[in-house]
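So for the sequence shown, the working numbering puts the first residue at 414; every next one is plus one.
Beta carbons are placed, not taken as given, at the ideal position from N, Cα and C, and that holds for glycine.
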Amino acid sequence: MSQVITFGNFKGGVGKTTNAVQVAYELSKRGLNTLLMDLDPQANATNILLKTKANISDELAHFDSSLMVSIENENLNNSIVNIKDNLDLMGSAPDFALFPRYMEKKFKNNYNDRVKYLDTLIYPIASKYDYVIIDIPPTISLITDAALYASDWCIVVMQTQQQSFDGAAAFIDYIQDDIVDTYGAPRLDVIGILAVLIQAGAPVDETTMANAIDYFGKENILPTAIHSMQRLKRYGITGITTKQKYDKNVFEVYRKVTDDILERIK
Ligand SMILES: Nc1ncnc2c1ncn2[C@@H]1O[C@H](COP(=O)(O)OP(=O)(O)OP(=O)(O)O)[C@@H](O)[C@H]1O
Ligand SMILES: [Mg+2]
414 MSQVITFGNF KGGVGKTTNA VQVAYELSKR GLNTLLMDLD PQANATNILL KTKANISDEL
474 AHFDSSLMVS IENENLNNSI VNIKDNLDLM GSAPDFALFP RYMEKKFKNN YNDRVKYLDT
534 LIYPIASKYD YVIIDIPPTI SLITDAALYA SDWCIVVMQT QQQSFDGAAA FIDYIQDDIV
594 DTYGAPRLDV IGILAVLIQA GAPVDETTMA NAIDYFGKEN ILPTAIHSMQ RLKRYGITGI
654 TTKQKYDKNV FEVYRKVTDD ILERIK
């Protein structure tokens, strides 16, 4: 049975893409067949993984069609490329921003039908993988609704600053009230909150963390927190690299985070 996991928060720039990519990478290292689905027209995850492929292979990645065209053709396979052993990417592109408009035309009157449609395309693809990791944009839109509807699980990425805490709280309310109760998402459950410490030990970060424990409950926060690591920022430019000590530090953290995640969904 494949598991579809979305990383979310309604605040931008909190580490959704970074964590989605690193967890997908770690799952693939464990021999688990993994697909990273980039559902953000910014295509940040796509860029990181294409650079990652360029670091390990001379072969160029080629998409048969953009994600938006694949959706119009009702076949997502044309937007999937292999990155490395056990890791595939469904790449995004700026034209995916047209998805809501396309769905408005396809289902003129019923928002519910628009939310459910992507699931019918994702489901046959997902069944070929052990894990599908979805990266979404930061704003509420049909894209985030459709991604969450199609998911089994969600991880809420929260930086230790007030806006990200507010975004995490709003995101969890939205999952319950809108995605589950209103649209009737059939499988969705929250794994927990993944805390990203901007500056461990700093008073603001400590306060936000304490507030998060109070508000969400300690048991709902994943035990391993992500510290600020320059190497993760660098992967945005270089793609994932593997040889240096700093790379190994990153892998060590995501080994633990992935253990935490698998422990909760088993
Ligand atoms: N733990 C970390 N340490 C250092 N830099 C990080 C860390 N996590 C993320 N970053 C950097 O912060 C920036 C924003 O991260 P990322 O793109 O993952 O956020 P996002 O939530 O996906 O943003 P958006 O809402 O635009 O999709 C990137 O430059 C990324 O490299
Ligand atoms: Mg992102």
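Query                                                                                                          : Result
Buried versus exposed call for residue 572 [16 or more other C-beta atoms within 10 Å across all chains shown] : buried
Distance cut-off 6 Å: residue 429 Cβ against heavy atoms of ligand 2                                           : yes
Three-state secondary structure assigned by DSSP to residue 608                                                : strand
Cβ pair count under 8 Å reaching 3, the region 430-444 against the region 518-533                              : no
Closer than 6 Å: residue 642 CB and nearest ligand 1 heavy atom                                                : yes
For residue 653, three-class secondary structure by DSSP                                                       : coil
Any non-hydrogen atom of ligand 2 closer than 6 Å to residue 486 Cβ                                            : no
Sub-7 Å separation of residue 542 and residue 441 beta-carbons                                                 : no
Same chain only: Cβ atoms within 8 Å of residue 671, ignoring 5 sequence neighbours per side                   : 436, 439, 440, 443
Where the beta strand (DSSP E) through residue 495 begins and ends                                             : 493-497
In DSSP terms, what residue 595 is bridged to                                                                  : Paired residues: none, contrary to the question.
Exposed unless 16 or more other CB atoms sit within 10 angstroms - verdict on residue 678                      : exposed
Residue 489 vs residue 462 beta-carbon contact at 7 Å                                                          : no
beta-carbon residue 460 near ligand 2 non-hydrogen atom, thresh 6 Å                                            : no
Spatially closest choice to residue 423 from 518, 556, 545, by CA coordinates                                  : 556
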